[in-house]
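Asks:
Here it is, written out as structure tokens:
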């Protein structure tokens, strides 16, 4: 990977890449969260079974 | 006889700190005193400001060895510089945080990225002012409004700037209730501020247990540079959500968090000696930090407004500013501003979603910055 130039153009470049990638990745996390409720079809955990410590 | 007494007195004086005091020490002692005042009288982040302010006062008394190599504050600083303390803070934060509001409304995670424009505004302006790109990256991350992450990224990119960056980050986080509301009101209409949001669904225990495991896998896979912080955040959260290790959860979120907070605050305060802190560079960093917070708040609100163009069920744009992170202060500000507009509005739970997403937004931005700048 070519190094980012240490000048104002480099600062713009790094900012644009970072801002766009942040949206892409956090959208990915959003998609995972959106499908997370699917796990409830397979297993239900009752809080009462867990409480009380070990 | 008098001469002998005077020279003896002079020799004694030179052994004390008095002979080495200069205006800078007085100025920094004043800064430390103001921090303690804000913590005690105004209740601004007292858990942070008391330790920082006190250490700031002490290290500015010439002759104090606490921050010198081998001194207790120096060991506290080593805990920060070796990046032991920030992940432990995150462990504790994870143990006291309910990620339910974020899991319940996944579309709001976008606000966690949208509210971070301030990072890049500060980064670009820092470069314009003549900082190196690594220094500019560290300054920019102040806009992530996440103390441990700001410290972590700074220690990787520009460790010599730890003092002004951490002070700016924590000070502005404490000042959120003053900085954010005018910007939020300026960018929203009365009708928008009155939008009532639907109640969130209940998140199951299983979802809450799986969530930290999945996030830890994703972060370690894609963002190794910031993985130590987020991994510990998720471990703390797993302790909390499995319910069966309540002793570990209570310790991580209670005693341990309190202990590392003491270490962290005295470490930050101990870097605030007049000789290193009082410079034009510090003034520039503090100003850039403020800009980062202003632009982050504004971009969060604007992102929420843009989302409303596409959403069938509208969201109250006041929760957008909470995406800046600074958990839970920014969420509380969203709630208070909405509540002042309409006492029937109760936004805190809704605002916690983007607020928690903001932690990930800062981690992602920081991770990408570290990767692009080649930091190990």
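Chains as they are written, first to last, in the numbering used here: chain L, 41 to 94; chain P, 8 to 383. Heads up, the beta-carbon is just placed ideally off N, CA and C, and yes, glycines get one too.
#1: Can you check whether the C-beta of residue 134 (chain P) is within less than 8 angstroms of a C-beta belonging to chain L?
#2: Anything in the stretch 311 to 330 of chain P with a Cβ closer than 8 angstroms to a Cβ of chain L? List those residues in chain order, please.
#3: Pairs of beta-carbons, one from the stretch 270 to 282 of chain P and one from the stretch 82 to 90 of chain P, closer than 8 angstroms: are there three or more?
#4: Flag residue 143 (chain P) as yes if its beta-carbon sits less than 8 angstroms from any beta-carbon of chain L, otherwise no.
#5: Going by C-alpha distance, which of P:299, P:68, P:314 is nearest residue 24 (chain P)?
#6: Can you tell me whether residue 215 (chain P) is buried or exposed? The criterion is at least 16 other CB atoms within 10 Å of its CB, across all chains shown.
#7: What would DSSP say about residue 285 (chain P), mapped onto helix, strand or coil?
#8: Quick check on residue 81 (chain L): does DSSP put it in helix, strand or coil?
#9: Quick check on the burial criterion: 16 or more other C-beta atoms within 10 angstroms. Buried or exposed for residue 179 (chain P)?
#10: Sorted by chain position, which residues of the same chain lie with C-beta nearer than 7 angstroms to residue 218 (chain P)'s C-beta, five sequence neighbours on each side aside?
#11: Would you kindly work out how many angstroms separate the C-alpha atoms of residue 165 (chain P) and residue 350 (chain P), rounded to a whole number?
#12: Using only alpha-carbon positions, find the residue among P:190, P:346, P:174 that is nearest to residue 152 (chain P).
#13: Which residues in chain L sit within 7 angstroms of residue 341 (chain P), going by Cβ to Cβ distance?
#14: Quick one: give me the first and last residue of the alpha helix (DSSP H) that residue 460 (chain P) is part of.
#15: For the stretch 86 to 171 of chain P, which segments carrying the alpha helix (DSSP H) assignment without a break, of at least 4 residues, lie completely within its bounds, in sequence order?
#16: On the DSSP letters alone, give me the boundaries of the alpha helix (DSSP H) that residue 324 (chain P) sits inside.
#17: Comparing the C-beta of residue 120 (chain P) with each C-beta of chain C, is any distance below 8 angstroms?
#18: Spell out a yes or no on whether the stretch 281 to 300 of chain P and the stretch 240 to 253 of chain P are touching, meaning 3 or more CB-CB pairs, one atom from each, closer than 8 angstroms.
#19: Is the Cβ of residue 163 (chain P) closer than 8 angstroms to any Cβ of chain L?
#20: Three or more C-beta pairs closer than 8 angstroms, one from the stretch 183 to 194 of chain P and one from the stretch 304 to 318 of chain P: is that the case here?
#21: So is residue 14 (chain P) buried or exposed if we call it buried at 16+ other beta carbons inside 10 Å?
#22: May I have a chain-ordered list of the alpha helix (DSSP H) segments no shorter than 4 residues that lie completely inside the stretch 254 to 306 of chain P?
#23: Would you decide whether residue 286 (chain P) is buried or exposed? Buried here means 16 or more other CB atoms lie within 10 Å of its CB.
#24: Whole angstroms is fine: what's the gap from residue 361 (chain P)'s alpha carbon to residue 163 (chain P)'s?
#25: Name, please, each residue of chain L whose Cβ falls closer than 9 angstroms to the Cβ of residue 90 (chain P).
#26: Specify the secondary structure class of residue 86 (chain L) as computed by DSSP and reduced to three states.
#27: Could you tell me the boundaries of the alpha helix (DSSP H) in which residue 369 (chain P) lies?
#28: Output, in sequence order along the chain, the residues in the stretch 225 to 255 of chain P whose CB is closer than 8 angstroms to any CB in chain L.
#29: Should residue 134 (chain P) go down as buried or exposed, given a rule of 16 or more other Cβ atoms within 10 Å for buried?
#30: Can the beta-carbon of residue 313 (chain P) be found closer than 8 angstroms to that of residue 365 (chain P)?
#31: Taking three-plus beta-carbon pairs below 8 angstroms as touching, is the stretch 365 to 380 of chain P in contact with the stretch 332 to 341 of chain P?
#32: Measure the C-alpha to C-alpha separation of residue 30 (chain P) and residue 146 (chain P) and round it to an integer number of angstroms.
#33: Between which two residues does the alpha helix (DSSP H) harbouring residue 75 (chain P) extend?
#34: Would the stretch 108 to 127 of chain P and the stretch 58 to 65 of chain L be scored as touching if the rule is three or more Cβ pairs under 8 angstroms?
#35: Whose CA, out of P:203, P:94, P:210, P:208, lies closest to the CA of residue 155 (chain P)?
Replies: On the basis of the data shown:
#1: yes
#2: none
#3: yes
#4: yes
#5: P:68
#6: In summary, residue 215 (chain P) is buried, with 16 or more beta-carbon neighbours lying within 10 Å of its beta-carbon over all protein chains present.
#7: coil
#8: helix
#9: Using a 10 angstroms sphere on the CB of residue 179 (chain P), the tally of other CB atoms reaches 16 or more, which defines it as buried.
#10: 106, 110
#11: 45 angstroms
#12: P:174
#13: Those do not exist, as residue 341 (chain P) stays about 19 angstroms from chain L at its closest Cβ, beyond 7 angstroms.
#14: Given a span of 8 to 383 for chain P in the structure shown, any question on residue 460 (chain P) remains unanswerable.
#15: 92 to 102, 107 to 111, 117 to 121, 124 to 135, 140 to 147, 154 to 164
#16: Boundaries cannot be given for residue 324 (chain P), as no alpha helix (DSSP H) includes it and DSSP labels it neither H nor E.
#17: In the structure shown, chain C cannot be found, because the protein chains are L and P.
#18: Between the stretch 281 to 300 of chain P and the stretch 240 to 253 of chain P there are fewer than three inter-stretch CB-CB distances shorter than 8 angstroms, so the stretches are not counted as touching.
#19: no
#20: yes
#21: exposed
#22: 264 to 277, 281 to 284
#23: Its Cβ having fewer than 16 others within 10 Å, residue 286 (chain P) is exposed.
#24: 27 angstroms
#25: What residue 90 (chain P) touches in chain L: nothing, since even the nearest Cβ is about 21 angstroms away.
#26: coil
#27: 355 to 379
#28: 225, 229, 249, 250, 251, 252, 253, 254
#29: buried
#30: For residue 313 (chain P) and residue 365 (chain P), no; Cβs fall outside 8 angstroms.
#31: Contact between the stretch 365 to 380 of chain P and the stretch 332 to 341 of chain P is present, because at least three Cβ pairs lie under 8 angstroms.
#32: 27 angstroms
#33: Premise fails: residue 75 (chain P) is in no alpha helix (DSSP H) and is neither H nor E.
#34: Segments in contact, yes.
#35: P:94
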